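S.K.: I have a structure I would like to understand better, so I am pasting it below and will then ask my questions one at a time.
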Amino acid sequence: MAGIVFDTGPLIGLERRDGRAEGWLQVAIEDGVVPRVPAAALAEAWRGGRRSASLARALRSCRVRVTDESVARTAGELIAVTGGDATVDAIVVATAALDGADVLTADVGDLAPLGDRAGVRVLAL
């Protein structure tokens, strides 16, 4: 498996202990891949307290990636060329593009145009 970036959907899946999301995480771990989690996607999924306990455990196997200037600029350029306005989606795809990774999402239709433009493979949860 190449590198992988988790969008909000897989994070919600991990929070809910969804087998598909847990399966992707397990495969990544077995392949020696540390999934990346854009901080913006984590903000969309995180609710805190007991509700987020499963997600907190899963995050121990992931790397939360901050939105630095290069990610922000790349995301802004993606928004400009695709005509979209989904900032978090653009940050997720920009993170993958800069890290040479794929994106795992529950919203392929939303992220695919961004991924196509950035040369990033978008995988369905």
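Read in order, the letters of the sequence shown correspond to residues 140 to 264 in the numbering used here.
Glycine included, each C-beta is placed from N, C-alpha and C at the ideal position.
The model shown is predicted, which means the values in this text are computed figures rather than measured ones.
1. Quick check on P149: does DSSP put it in helix, strand or coil?
2. Could you have a look at P252 and say whether DSSP puts it in helix, strand or coil?
3. Just the Cα atoms here: how many angstroms apart are L194 and A219?
4. Taking 7 angstroms as the cut-off, decide whether the C-beta atoms of V232 and L253 are in contact.
5. Look at the alpha carbon of L237 and the alpha carbon of V210, and state the distance between them as a whole number of angstroms.
6. Measure the alpha-carbon distance for G148 versus R196 and round it to whole angstroms.
7. Taking just the CA atoms, how far does A141 sit from I168?
8. What is the rounded straight-line gap between the Cα of L264 and the Cα of E161?
9. Which residue or residues does DSSP assign as beta-bridge partners of R202?
10. Does the separation of the CB atoms of V144 and T234 fall below 7 angstroms?
11. If you compare alpha carbons, which of A240, V259, G215, V247 is closest to R204?
M.R.: By the coordinates alone:
1. Residue state, collapsed to three classes: helix.
2. helix
3. 32 angstroms
4. yes
5. If you take the alpha carbons of L237 and V210, they lie about 7 angstroms apart.
6. 17 angstroms
7. In this model, I168 and A141 are separated by some 12 angstroms (Cα to Cα).
8. L264 and E161: Cα-Cα distance of roughly 10 angstroms.
9. R175
10. yes
11. A240
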